[in-house]
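In structure tokens, the structure reads:
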């Protein structure tokens, strides 16, 4: 599983799946509330991690190009 796939799956759970539940169901059950409260920070962490990885990969690629073709 890649970081991009992890982020997609967490978004699906934290945002899209969340919208399927009526508000009264989310507030009445402790387990669902805790689940969705846990997913949001995980999603935010992996989104930030993916952004950092993309930046590092781009910088690495650019340094490789400059080093090998100039």
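Numbering (this note's numbering), first residue to last: 1125 to 1194.
Backbone N, C-alpha and C fix where the C-beta goes; we use that ideal spot for every residue, glycine too.
Between the alpha carbons of residue i and residue j, how many angstroms are there, rounded?
| i | j | result |
| --- | --- | --- |
| residue 1126 | residue 1147 | 32 Å |
| residue 1174 | residue 1185 | 16 Å |
| residue 1189 | residue 1179 | 15 Å |
| residue 1149 | residue 1158 | 13 Å |
| residue 1182 | residue 1129 | 19 Å |
Is residue j closer than 7 Å to residue i when the C-beta atoms are compared?
| i | j | result |
| --- | --- | --- |
| residue 1142 | residue 1169 | no |
| residue 1171 | residue 1131 | yes |
| residue 1134 | residue 1166 | yes |
Taking the alpha helix (DSSP H) that residue i belongs to, which residues open and close that run?
| i | result |
| --- | --- |
| residue 1177 | 1154 to 1193 |
| residue 1133 | 1127 to 1135 |
Sort the options by Cα distance to residue i and report the nearest one.
| i | options | result |
| --- | --- | --- |
| residue 1162 | 1189, 1139 and 1152 | 1139 |
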